[in-house]
Amino acid sequence: RLPEQSPPEMQRVPLEGIVLQIKSLGLRGGDASAFLSRALQPPSSEAVAAAETALRRAGATDASGRLLPLGEHLARLPLELRVGKMLLFGALLGCIDPVLTIAAAMSLSRHPFLNPHEQRAQAQAARAVFCNENSDQLALLRAYEGWRRAIREGGGRGGRDFCESHFLSASGMEELHGLRAQLADTLA
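Counting in full-length UniProt numbering, the sequence shown runs from 1 upward without gaps.
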């Protein structure tokens, strides 16, 4: 039997972003527990403490819970903590282009590498072309770069052919491209 109502979002999702906003805006003096306890259906104190710990470990807050410069920048980004931190450091280190692709890949609803049961060996061989290291993110980065090159050289048909020959989902690659553009706009 299904519950009559699903739990409120604050009771279902990580709270790092909400806690960052509370601290950034100085609500209740930046005391996230005090502020969130006033919600109609507040999150558990354990969830708030876990968010505070995650922010401290990420370098967004100090031991007393005050925002550090990294936290101030992260609070301006409507992104999950690790994705936001990755993008900020990518921008600082001058390697934002590949980091945008990897961050977008981490946010995909489905992995774009196809693995049809009847062609498993061929799909694995096609994927191996992109795998120099043991990293799905770097493999997907290389696949994305190849796909974009195929589109530049052969238009939409070139992109579809690339996907077909490398066992990639064309819609998955389009989703990756769209997410990447959204992330770039967020940083602009």
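Glycine included, each C-beta is placed from N, C-alpha and C at the ideal position. Just so you know, these numbers come straight off a predicted model, no measurement behind them.
Reducing DSSP to helix, strand and coil, say where residue i ends up.
| i | result |
| --- | --- |
| L25 | helix |
| L138 | helix |
| L87 | helix |
| L168 | strand |
| R160 | helix |
| V48 | helix |
| A39 | coil |
| Q182 | helix |
| Q5 | coil |
| A188 | coil |
| V19 | helix |
| R12 | coil |
Among the candidates the options, whose CA atom is the shortest distance from the CA of residue i?
| i | options | result |
| --- | --- | --- |
| R76 | D185, W147, S24 | S24 |
| H111 | Q119, Q122, G84, R127 | R127 |
| R180 | A104, A188, G158, W147 | A104 |
| Q41 | R149, A63, P7 | P7 |
| S44 | E9, L20, S64 | E9 |
| I18 | Q5, R38, V48 | V48 |
| R12 | G26, R28, A51 | A51 |
| A188 | S64, P78, I22 | P78 |
| T186 | E80, F162, S64, G159 | E80 |
Report yes if the C-beta distance between residue i and residue j is below 8 Å; otherwise report no.
| i | j | result |
| --- | --- | --- |
| F113 | F35 | no |
| A60 | L67 | yes |
| H184 | L108 | Just to set this straight, residue 184 is Ala in the shown sequence, not His. Cβ atoms of A184 and L108: not closer than 8 Å. |
| L93 | L74 | no |
| W147 | M106 | no |
| A96 | L141 | Here residue 96 is Ile; the residue named in the question, Ala, does not match the sequence. It is not a contact, given that the beta carbons lie outside the stated cut-off. |
| D136 | A150 | no |
| A123 | N132 | no |
| G30 | G84 | no |
| L55 | L27 | no |
By a C-beta neighbour count over all protein chains shown, 10 Å radius and 16 as the cutoff for buried, is residue i buried or exposed?
| i | result |
| --- | --- |
| T53 | exposed |
| V129 | exposed |
| E16 | buried |
| A32 | buried |
| G156 | exposed |
| G71 | buried |
| A143 | buried |
| A39 | exposed |
| G159 | buried |
| A121 | exposed |
| A125 | exposed |
**Request:** Please specify which runs of the alpha helix (DSSP H), each continuous and at least 4 residues long, are wholly inside the UniProt domain "Helicase-associated" (50-141), giving them in chain order.
**Result:** 69-75, 81-92, 96-106, 120-128
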